[in-house]
Structures are given as C-alpha cells and as structure tokens.
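Here's the structure, in structure tokens; my notes come after.
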Amino acid sequence: MSAPPALSSRLAPLLLMAPSLLLLGACFVAPAVILVIYSLYTAEPGGTMLPVLTLQNYTRFLFEGLYYRVVWSSLKVSLTVTLWSLVLGFPLAYSLARMRGRRRRGLVVMLLLFPLMTSVVVRSYGWLILLGDAGLLNTVLVGLGLVHSPVRLLYTNTGTVMALVEVLLPYMVLSLLAVIQSIHYSLEEAAASLGAGTARVFLDVVLPLAMPGVAAGSVLVFILAIGAFVTPALIGGAKILVVPMLVYQQAITVLNWPFAAAISFIFLAFVLLLIWLQVHLLEWHHRWRGAP
Amino acid sequence: MNGSAAFGDLELRGVCKNFGRTAAIAGLDLRLDRGEMVALLGPSGCGKTTTLRIVAGFEQPDAGEVWLRGRPATGLPPYRRDVGLVFQSYALFPHMTAFDNVAYGLRRRGVAAQELRRRVDEALAMVHLDALGGRYPRELSGGQQQRVAVARAIVIQPSILLFDEPLSNLDAKLRQAMRGELRAVQRRLGITALFVTHDQEEALALADRIAVMNAGRIEQIGSGEDVYRRPRTRFVAGFIGECNFLTGRLHAGGQLEIGGGRVPAPPDTAAPVGPVTVALRPEDVSLDSVPAPGDAVLAGRITAMVYLGFTRRYSISLPDGADVIAVRQRDAATPFRPGDEVVLAWRPADAVLYAGSG
C-alpha cells in the first residue's frame, strides 16, 4: 500500500470545491460586498448615489416610525404562517413517522413535496382562482349558504398566509419528521403503561423530544415566509406591504439603491440572528437532556 | 383465603391474535398466581412478544379474555391496566433524570410530593441506585439503565410485572449478575412477573415455571426440570437443551427397536405401539464399558471427538447409520478416539418417546 502524494491529497478537496466556490464568490459574495458599500452611500433624488459614506440609510429604517408598520405586517404574516405550519404539520409529520411501510411513507412525502415542484407564479395564480370574490372557495361558501356575500380573501393577510402555508408546510413537516422518527415508539408505550393517556404521552414525551425539530422547522419556515416576495405581491396585493416588497419598491420604483441595500442588510442580520438562536437553543436543549 | 388465590394475578383465556392472515397466537391459556415468575420461552416469531403486548394492552386480542387480579382487562387501554413493563431497550425517557423516570408513573397517579419522594427513593435503593437519581439516562451504564427501568416498573406496585427480553442488551457477565438481582427484587416484593425470552438459560435461571411457546401456542408449561427432563413434545425437547432424536419402532411388551438393536422402552411412556421418535439427552448417554443392569444398550463407533475442557463431546455412528451425540465429563478412563468401537448405554427412564417418526 502506497500513501497518496501529500500535496495532491491536500489540494484535492480544494480543487473539488473550487468551481462551486468560484460561482458563489462571483454571484453571491461579490454582489453582497458591493451592496454593503452601496448601503453606506448617500442617495440623491432621481436615483443617483454619491460615494459619501453615511449611516443615514440604516438609521432611517430603524428609527423612522414610518417603516414599523411594514416590519410589523411582515412579522405578523410570517409568525402566523409559522404557527399554522406547525399546527398542521405536526400531526402530519407524526403520522408519517409512525407509518408502517416505507413505500407508503415515500408516497405521502412525494405528495407533500408537490407544491415545491410547481413554479411560484403558477401556484400563486392558482390561489388567485381559488381565493377571488368569484373564486372557487367563495362560490362554494355562498352556494352552501354558509356566508351571504363573498368573504374577502384576496389582497388580505389571510390569503397570503394560506398560500404561504401551502408551500412552506413541506419544510416544516420534513424538519419534524426526521426528529419524530428518532423518538423510539417504545417511549410512548412506556409512558402509556405508566398511566399516561394519549394527550399526556404527547405532552410529556413526544413534544419535548420533538423540540429540536419544532425549532428547526419554525426557524426555517419563518425565514422563508419573511423573505417571500412573489406570493405576498400577487395574493396580498399592493395594499399589504411586507419588507421584501419595500426593498423591491425602493430599488426598482424609487431607485433608491442605498436605502434598499440597507434594508436588505438589516434583514439579513435579523435572519442570521434567528439561525444563531436556533443553533444555540438546540445546544442548550441537548445540555438540558444531559447529552455529553 | 384472599381473592387472588381464586383468580390468579393474570389469566389469559383462549386468547387469539391474527396479523393479516397469519395467526400470531392461536388459543392461548395461561394463569399466573401471586408472586410467581413465569417465562415465555420460544423462538422468534412464536408469539411470545405478542402475548406480552396483549397483557400490557398494546395489542387487543381477536378472541379470548385477559384478566388481571380477578378483574376483566380485555379491551382496557394500557394506561388503565396497572401493569409494570420493562422494555428490551429500557425505553427510559431521555429528557428526564433517573428520579423523574421512576417518578413518572406515580405522578400520573397523582401521588403527593412527599410520598412520591419516599417511594421513588425506596425503589431506587432497591436497585442500588440511591446515589444516581439525578443522572440522565445517557449518563448511566447499560446495567444502571436496566435498573432504572426496573425501578420505574415496580414503583407503581403493578398487579403484574412484565419483562421483554430483559437482559438481552447486557454483556454476558453483567447478565449473570442482573439475573440474580432481578430475581431477588421480584421475590422480595412478592410481585407476580411474566417475562419473554428466547434464551433458555435465562428462563431456567429466573423462572418458577417456563411456558415453551411454538407457532402461537404453549407447547408445555412447567418447572424448568419438568420441561427439560420430561418434554411433552418433540419441539420442547429440541428447543430446550441439546437432544438426540432417533427414529425407531415401539413393540408390544416395552421393547424399542432403534439403531440396529432392541432396547427396553421407557417404563411410563404414553406413545402407542408403532413408529416412534426417541429423544435422548447427550449427557444421559453413557459410554462406560460396563452398563448397569436394566440399561438400554447399543453398539456404536466413535466418528469424532471434540475436547471442551470440562467435557468431551463424542459423535457416535450406530449400525443403522444414525448419529448420536454423547457428552461425557472428565472420563476417568482414557478418552475414546475416532474409530473406537463403544457401547452406548442409558437408563430407559431417561429417554422420551414421541409417536410417529417425524
């Protein structure tokens, strides 16, 4: 047995990673760096930027009350989406995890992933057909006499939340599924044999042990929901402004690139903070469970 | 007389359970008296685990009844059964300390804080874990986890204690020690216990009675000595310990024709005249040159010998071509070698006959 040459063994991983690193560097890191610089420039009316460094773009977003409403509606939509994904996703993930037969489970997971295989625009127009005043949902509701006049769903938070939950549910379910599958079923049986009914088994055993999945899924869905642009734009309409739409408006309509860049970075910082929190929450959770 | 004597702590009556088209349990009757420890012994797939799960309430029987302490329990969910269960994997709650694991059943029963503390400490002391109540399962060794699982099951003072392959996850040395401890705890509490195992040594060492199961039925239930010395079926004889099976013919007058000779049949055999299978334990086959009077005697030739330290194991070929294994301990005489002509002898009462030559 001859050892591989030291040089090539050290270089090989680097060479293998080089293409993707270059792509990421050129298409993501470099523009991001440029954006950081832009965010510090001074904006002039009419879409020009002066290379005069200032923090004004940041302070404007953070301290001028004007944008709090946008942030608040973004947070509200994303939190609602996260909550509904959790409420709908947990029973689904649990049943999947406890399902016998690998093929059947694979089939349901496939069905679950269907929304992700459709383009976001097509999916959103589908929702337009369903949610409109003369749409399918309202036709059925009125036809059954459940409501007198059509319920306003389109261009509301409710419609946006429904559409986002549909497409983000798979992320929640898959995050939960992995964790719930690792909870041995005998733990539930042990709790039952010790006198715990179904609800207690869930509260005492399944839920606490599924917390890492709940945290991961919630952070993931929240981040994707708060960053969503097309769905809120098409279904929420122009009335409900969320942060990504504000960025779009500033960059494309107002042509205030420095301000748009600053909002993006404040946003990015927020999302990174969430991810950091999730990772550390998991660590604390493990420590609490007595893991090494 | 208390009520338990009339009923037994556990009674299964005519229990049947099918999975799809296959019958996992086909008409099972079993009764455990107060303080008794019974082993369900059998190969995998014989229905022993399903039986345990039916007693625990995780499976419902398709037919038959389950009675616990003289009360009907058929159809009751697990959390209403008062059954203490020790899982093969222990199934300790990983997010709770040993103390909280043991306390769980008492909390579900609404036991007051002070009494709970006392009973949990008592249970932990009984399994010698008094000092480790604050540890999480991950911080405990396999043997310690097993003890927590036992403490968790006994602390609720269940009507019956169930074990699913309780020692199979421990290494051989620890298993020996835990066997003794399990037995001691069970005896001290006078608790009725049913355990499932595929390990005959475990069953022999732990159980007051062994129920040997095969294909969803109990083939024989009795003391260890009963099932070993007087196996009622060929399956039991073959499953517990090692056994030679010889086909032959039982003639009227207690004469047995096997291995190219005629020998006295077991005096109390129930087998009818005709083709029979003779079950003979290797340690019952003597190779001494002078058989005792009344012994069954056959001629044979050694074909192989394996030295096993305390014993020697001989393969012997009979004139009709059948093979017999004989195990002899520390033969005083010089050991036989392959090719040696020997005289096999056994006490007729040591052999067991089964009708048919299957």
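So the sequence lines, in the order shown, correspond to chains A and B.
Here the first sequence stands for residues 1 to 292, numbered as in the working numbering.
Here the second sequence stands for residues 1001 to 1358, numbered as in the working numbering.
Don't be surprised by glycine CBs; every beta carbon is placed ideally from N, CA and C.
Here the structure is a predicted model, which means the values were calculated and not measured.
- The straight-line gap separating the alpha-carbon atoms of Y67(A) and F61(A) is approximately 6 Å.
- Proximity of E189(A) to chain B, defined by a Cβ-Cβ separation below 8 Å, is satisfied.
- At a C-beta separation below 8 Å, V205(A) has these neighbours in chain B: F1093.
- For A1304(B), the three-state secondary structure derived from DSSP is strand.
- Contact annotation: the segment 96 to 106 of chain A does not touch the segment 250 to 263 of chain A, with fewer than three C-beta pairs closer than 8 Å.
- For chain A, the residues of the segment 1083 to 1114 of chain B that bring a beta carbon within less than 7 Å of one of its beta carbons are V1083, L1085, F1087, S1089, A1091, F1093, P1094, H1095, Y1104, G1105, R1108, R1109, in chain order.
- By the C-beta density criterion, Y125(A) is exposed, having fewer than 16 other C-beta atoms within 10 angstroms.
- The criterion of a C-beta distance shorter than 8 Å is satisfied by G1274(B) and L1250(B).
- The segment 145 to 156 of chain A makes no contact with the segment 214 to 233 of chain A; the number of CB pairs closer than 8 Å stays below 3.
- For M172(A), the secondary structure class from DSSP, reduced to helix, strand or coil, is helix.
- Exclusion of the five residues before and after L187(A) leaves V205 as the residues of its chain whose Cβ lies within less than 7 Å of its Cβ.
- By alpha-carbon distance to H1128(B), the top candidate from A1149(B), A1113(B), V1111(B) is A1149(B).
- Taken in chain order, the complete alpha helix (DSSP H) segments of 4 residues or longer contained in the segment 8 to 65 of chain A are 30 to 39, 56 to 63.
- Here DSSP, grouped into helix, strand and coil, assigns L281(A) to helix.
- Where M1213(B) is concerned, the enclosing beta strand (DSSP E) starts and stops at 1209 to 1214.
- Using a Cβ distance threshold of 8 Å, R1108(B) and L194(A) count as a contacting pair.
- Annotation: the continuous beta strand (DSSP E) that includes G1027(B) extends over 1022 to 1032.
- The beta-carbon separation of K1017(B) and E1065(B), rounded to 13 Å, does not stay under the 8 Å limit for a contact.
- Contact between R1069(B) and D1009(B) is confirmed by a C-beta separation of about 6 Å, below the 8 Å threshold.
- Shown here, I1156(B) sits in coil according to DSSP, grouped into three states, outside any helix or strand.
- The beta-carbon separation of P258(A) and Y38(A), rounded to 5 Å, stays under the 8 Å limit for a contact.
- At the C-beta level, L1246(B) and G1259(B) come within 8 Å of one another.
- Along the length of the segment 1050 to 1114 of chain B, whole alpha helix (DSSP H) runs at least 4 residues long occupy 1098 to 1108, reported in chain order.
- Between E1011(B) and I1221(B), the alpha-carbon positions lie close to 14 Å from each other.
- It is roughly 56 Å from the alpha-carbon of E1139(B) to the alpha-carbon of G237(A).
- The beta-carbon of P1078(B) is placed less than 8 Å from the nearest beta-carbon of chain A.
- Note that the C-beta distance between I183(A) and A210(A) is below 8 Å.
- Using a Cβ distance threshold of 8 Å, T160(A) and V77(A) count as a contacting pair.
- For I1160(B), not one C-beta of chain A is nearer than 8 Å to its own C-beta.
- In the three-state reduction of the DSSP assignment, G106(A) falls in the helix class.
- Closest by C-alpha distance to V36(A), out of N157(A), L55(A), S175(A), P170(A), is L55(A).
- Under a criterion of Cβ atoms nearer than 7 Å, the residues of chain A adjacent to A1056(B) are, in order, S193.
- Non-local C-beta neighbours of A1193(B) in its own chain, meaning closer than 6 Å and more than five positions away in sequence, comprise M1037, L1161, Q1186, ordered along the chain.
- Nearest to S1141(B) by alpha-carbon distance, out of V1102(B), L1092(B), S1159(B), is L1092(B).
- Within chain B, the residues placing a beta-carbon under 9 Å from that of L209(A) are F1093, P1094, H1095, ordered along the chain.
- Within chain B, no residue has its beta carbon less than 8 Å from that of S182(A); the closest one is some 10 Å off.
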